[in-house]
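Worksheet for the structure shown next.
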Amino acid sequence: MLFEVLQIALASLRANKLRSALTMLGIIIGIGSVIAMVALGTGAQQSVKERIAKLGTTLLQVNARRIAQGGVQLEVAKRMTMDDVKLLEERATKLTAIQPQQDAHLMVQWDRQNSFSSVTGTTSNFLEVRKYTLAAGRMFTSQEDASRRRVTVLGATPLANLGVTDPSAIIGELVRIRGLQFEVIGVLAPKGQVSGGDPDDQVLIPFETGRWRVFGTDRLNDINLLAMSEDSVNAAMEEVASIMRRSHRLRPGMPDDFTIRNQSDFLNTLGATTEVFTYLLSGIAAVSLLVGGIGIMNIMLVSVTERTREIGIRKALGATRFTILLQFLAEAVALCLLGGLIGVGVGTAAAWILRTSFGWNTVIVPSSIVIAFVFSGAVGVLFGVWPARRAAKLDPIVALRYE
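Here it is, written out as structure tokens:
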């Protein structure tokens, strides 16, 4: 009997192909949207994990605390200097590397080309601390830093701005930074977008060279630190905070005049925000499933009205209420499952188009496909029960008299 009921239900859907297709449209759009949004959100979370790996999960960054009001910076509580770095080097026990740096956006010129880029005065351990690699050449040494040599390592963005396509072609060339000639000894490998910025927009020069010949100040913009391990990050932050408070002579109860940022925590917060945004988008997409379900219920009610005489004939020939209920319920579930199947294909195709055409990172999650497909069947049952019960309760005599 079940097989016969399914045959009758599918035959009824085939008899009204256009109406069935339009009825499934809401389910198709809803399922496709949910799968595409989940794929987009999962891809964004995976990107966050990749960014954490690029930045380094043990990286800490110390900055001077800035006070602002109405978007305008009013005061910097206390500038950081090399005295802070020296005290960290002497007393810190949970750090493996300390990298002070000074930054300024300056014009870099080469062969009638120029690039307004971030010039960073840093130490020779920059690559180790910041997780960069070289595409060509080498990094300057600690001896070149101490002797204030005018050498530089270019990032991928200024290299492109200067019109250079082959990184090795500019090695040994001279570029001008703030009117001073620097020899290019290396080129950084591209790192990609991280935390909404451009980490490839870097021009590295030795710290002492920048301190005395370019920036003309002993104040630091950042102090980057590497903790010994991921498990010791929190302990390292506490130790650094204690040393910085001692260096700045802060009494107990006085607020910190510096901030310590853990890159992993920052990007985990970004990941949580992305996850909430994914749920929000998926919820909005799921509304179309609700609309599609209401559409199916509406069409099934119309179908019951249209087939009143047919229902009366079936009951007169011995069909039970359960048989009639199962027939109309099978039609509603078949519409939703077929729409869900097509919606899975549409959502998968949309995720693929977003990845290939727009460069967005999308990841299809198999569990989302299964859940979406099961959910579409549940929608069919939920919105098909009322029309099916209405058909099953029809009086056969009244149904046979229906015109």
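For the sequence shown, counting from 1, position 239 maps to 598 in our numbering; every step adds exactly one.
By construction, the Cβ of each residue, glycine as well, lies at the ideal position given by its N, Cα and C atoms.
All figures in this text were calculated on a predicted structure; none of them were measured in a lab.
Check: Nearest neighbour of Phe475, chosen from Arg424, Gly698, Asp525 and Asp559 [CA to CA]; Outcome: Asp559
Check: C-alpha gap between Ala595 and Leu446, whole angstroms; Outcome: 14 angstroms
Check: Check whether Asn580 and Asp462 have beta carbons under 7 angstroms apart; Outcome: yes
Check: Assigned secondary structure, Trp469 (DSSP; H/G/I helix, E/B strand, else coil); Outcome: strand
Check: Assigned secondary structure, Phe617 (DSSP; H/G/I helix, E/B strand, else coil); Outcome: strand
Check: Beta bridge counterpart(s) of Asn593 as assigned by DSSP; Outcome: In the DSSP output, where bridge partners are listed per residue, Asn593 has none listed.
Check: Bridge partners - Ile536, DSSP secondary structure assignment; Outcome: Val467 and Leu539
Check: Residues bridged to Pro611 (per DSSP); Outcome: In the DSSP output, where bridge partners are listed per residue, Pro611 has none listed.
Check: Exposed unless 16 or more other CB atoms sit within 10 angstroms - verdict on Ser601; Outcome: exposed
Check: Three-state secondary structure (DSSP) of Ala495; Outcome: strand
Check: Euclidean distance between Cα positions of Asp577 and Thr440; Outcome: 6 angstroms
Check: Cβ separation of Leu547 and Ala515, assumed to be a contact under 8 angstroms, to the nearest whole Å; Outcome: 6 angstroms
Check: Strand pairing of Asp462, partner residues [DSSP]; Outcome: Thr479
Check: Where Asp616 falls, given that 16 or more other Cβ within 10 Å makes a residue buried; Outcome: buried
Check: Own chain partners of Asn520 with C-beta closer than 6 angstroms, once the 5 adjacent residues on each side are dropped; Outcome: Ser474
Check: Gln420 beta carbon near the ligand MG (any heavy atom closer than 6 angstroms); Outcome: Ligands are entirely absent from the displayed structure, and the ligand MG is therefore not among its contents.
Check: Start-to-end residues for the alpha helix (DSSP H) that takes in Ala586; Outcome: Run containing Ala586: none in the alpha helix (DSSP H); it sits in the beta strand (DSSP E), Asp581 to Ala586.
Check: DSSP state of Ser371 mapped onto helix, strand, coil; Outcome: helix
Check: Identified DSSP bridge partners for Val421; Outcome: Ile582 and Ile619
Check: Ala374 classed as buried or exposed, judged by whether at least 16 other C-beta atoms fall within 10 angstroms; Outcome: exposed
Check: Sequence-distant residues of the same chain with beta carbon closer than 6 angstroms to Leu340, five excluded per side; Outcome: Nothing can be reported for residue 340, as the shown portion of the chain is limited to 360 through 762.
Check: Three-way DSSP call (helix, strand, coil) for Ile530 in this model; Outcome: coil
Check: Contact belief for Ala368 with Glu690 at Cβ below 8 angstroms, rounded distance in angstroms; Outcome: 4 angstroms
Check: Cβ pair count under 8 angstroms reaching 3, the segment 499–511 against the segment 526–546; Outcome: yes
Check: Inter-residue spacing [alpha-carbon to alpha-carbon] between Leu365 and Lys752; Outcome: 20 angstroms
Check: Ile387 beta carbon less than 7 angstroms from that of Val705; Outcome: yes
Check: Beta-ladder partner(s) of Pro746, from DSSP; Outcome: Answer is none; Pro746 lacks a bridge partner.
Check: Per DSSP, cross-strand counterpart(s) of Gln405; Outcome: BP columns for Gln405 are empty, so no partner.
Check: Span separating the alpha-carbon of Gln468 from that of Val534; Outcome: 6 angstroms
Check: Closer than 7 angstroms to chain B by CB, Phe717; Outcome: Absent from the structure is chain B; it holds one protein chain and no more.
Check: Exposure label - Ala708; buried when at least 16 CB within 10 Å; Outcome: exposed
Check: First through last residue of the beta strand (DSSP E) which encompasses Leu697; Outcome: Careful: Leu697 lies outside any beta strand (DSSP E), inside the alpha helix (DSSP H) at Arg680 to Ser716.
Check: Extent of the continuous alpha helix (DSSP H) to which Leu446 belongs; Outcome: Met441 to Arg450
Check: Between the CA atoms of Glu665 and Ala675 - distance to the nearest angstrom; Outcome: 18 angstroms
Check: First through last residue of the alpha helix (DSSP H) which encompasses Pro565; Outcome: No alpha helix (DSSP H) holds Pro565; the beta strand (DSSP E) holding it covers Gln561 to Pro565.
Check: C-beta atoms of Ala456 and Glu487 nearer than 7 angstroms; Outcome: yes
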